[in-house]
Amino acid sequence: MPELPEVETIKLGLQGQVVGQTIKKIEVLTPKSFQGDPRNVNGQKISNVFRRAKMLGVELGNSWIVLFHLKMTGQIILVSNRARFVGGHPTSDIQGEMPNNSTRVIFELDNGSKIYFNDQRKFGWVKAISSKLIANSFNSLGPEPLEETFTLDVFKSQLQKRKNTPVKVVIMDQTVVAGVGNIYACEALFMANILPTRRIKDLTPKEVSKLHQAIVDVLTLGIKHGGSSRSHYVNSEGKKGHFLDFAFVYNRSGESCRTCQEVINKTVVGGRGTFFCRFCQR
DNA sequence: CACTTGACCTGTCCGC
DNA sequence: TGCGGACAGGTCAAGT
């Protein structure tokens, strides 16, 4: 899915637009994509929008929460009552008409705006969950990497949970650190000059420290560029993110390294496509 | 227990 | 053009 920077970008886009609005109607087009009782959502006022790991939460006045997980191809797009979408133009950065054939759930707000949950592959979900139970959804997640609590010591102790696993698999484990996925894992490892296949037990303290900083830096940079749009990701306005224009390795196999000019390689680690520079990363 | 692989879905791209 | 296979931002369950 969208990883932390993409979900954070959606959150920032929604916050100023939907807080204070009331959900007038919810329309579930694909039952698989929605869990829970729509009656807990209908007629409720939105009090807050937040992110935890790669999940987005919309808090309601009755203390229920609409929780979204976008997995690989999910989108959350807000279309204001006056918006006219421009579809089909080759240079357009914007999604076409809504709804489309991957629209799964539609929320209609009292000002006439609509929130579209689109998801081509149907891996993602939306659920209505009471705030009392939300802790259960979050309790196995690791620390939020962009919060103060994500110190080097915390990161070190989290890594201790694994020892003989490739470092890339470990930093993508949501119970170790929340929000890092395939793109940002590849990029963080490049920035820390560490090969993705290295085992945790073989990392030097200096490398662990460098990786800790690289994770924070790459996620921050991802947010700055509005996230990554390899294929499906768009923000709440339907616009693509531009982080990949600056990526060092992700999706760049065969191209030259921005640092040493050697060719970028691709392999498979933990079942996922993995990009690296064999000269910059050791 | 620690770690790896397959399944969940739909669409696109690439080679023959 | 058509067809088969590999692959795609994630996470579970089942397998070794």
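According to this note's numbering, the first sequence holds residues 649 to 930 in order. Quick reminder that beta carbons are idealized off the backbone N, C-alpha and C, glycines included. Just so you know, these numbers come straight off a predicted model, no measurement behind them.
Report the option in Val825, Phe838, Lys872, Ile674 whose CA atom is closest to the CA atom of Gly790. Checked all of Val825, Phe838, Lys872, Ile674; the closest Cα to Gly790 is Val825.
Nearest-angstrom Cβ-Cβ length linking Thr657 and Gly829, presumed shorter than 8 Å: For a cut-off of 8 Å, the C-beta gap from Thr657 to Gly829 is around 14 Å, too long to register as a contact.
Of all the options Leu781, Ser778, Val774, which has the alpha carbon lying nearest to the alpha carbon of Gln683? The shortest C-alpha separation from Gln683 is found at Val774.
Please state whether the Cβ-Cβ distance between Leu794 and Leu867 is less than 8 Å. yes
Tell me, which residues are paired with Ile777 by DSSP? Ile713
Cβ separation of Phe755 and Ile671, assumed to be a contact under 8 Å, to the nearest whole Å: 5 Å
Which whole-angstrom value describes the C-beta separation of Phe891 and Pro653, a residue pair presumed to lie in contact below a C-beta threshold of 8 Å? Cβ-Cβ separation between Phe891 and Pro653: approximately 7 Å, consistent with a contact (criterion under 8 Å).
Just verifying my parser: in three-state terms, what is the DSSP assignment at Ser904? Three-state result, Ser904: strand.
Rounded separation between Ser904 and Cys928 - CA only: 12 Å
Can you have a look at Met844 and say buried or exposed, based on whether 16 or more other CB atoms are within 10 angstroms of its CB? Here residue 844 is Pro; the residue named in the question, Met, does not match the sequence. It is buried - the Cβ of Pro844 has at least 16 other Cβ atoms within 10 Å.
When burial is assigned at 16 or more other CB atoms within 10 Å of the CB, is Ser779 buried or exposed? With fewer than 16 other Cβ atoms within 10 Å, it is exposed.
So Tyr832 is in the alpha helix (DSSP H); what residue range does that whole segment cover? For Tyr832, the enclosing alpha helix (DSSP H) covers residues 830 to 839.
Is the stretch 853 to 862 in contact with the stretch 794 to 813, if contact means three or more CB pairs nearer than 8 Å? Per the Cβ contact rule, the stretch 853 to 862 is in contact with the stretch 794 to 813 (3 or more Cβ pairs under 8 Å).
Residue ranges of each alpha helix (DSSP H) within the stretch 757 to 819, 4 or longer: Fully enclosed alpha helix (DSSP H) runs of 4 or longer: 782 to 786, 800 to 807, 815 to 819.
Counting only the same chain and skipping the five closest in sequence on each side, list residues whose C-beta sits under 6 Å from that of Thr721. Asp767, Gln768, Arg769, His880
First and last residue of the uninterrupted beta strand (DSSP E) at Lys673: 671 to 676
Look up Gly668 in the DSSP assignment and say whether it is helix, strand or coil. coil
Pull up the distance between the alpha-carbon of Gly709 and that of Val667, whole angstroms please. 11 Å
Are the stretch 808 to 825 and the stretch 871 to 886 touching by the rule of at least three beta carbon pairs closer than 8 Å? no
Return the CA-CA distance between Ile819 and Ser788, expressed in angstroms with no decimal places. Ile819 and Ser788 have their C-alpha atoms roughly 15 Å apart.
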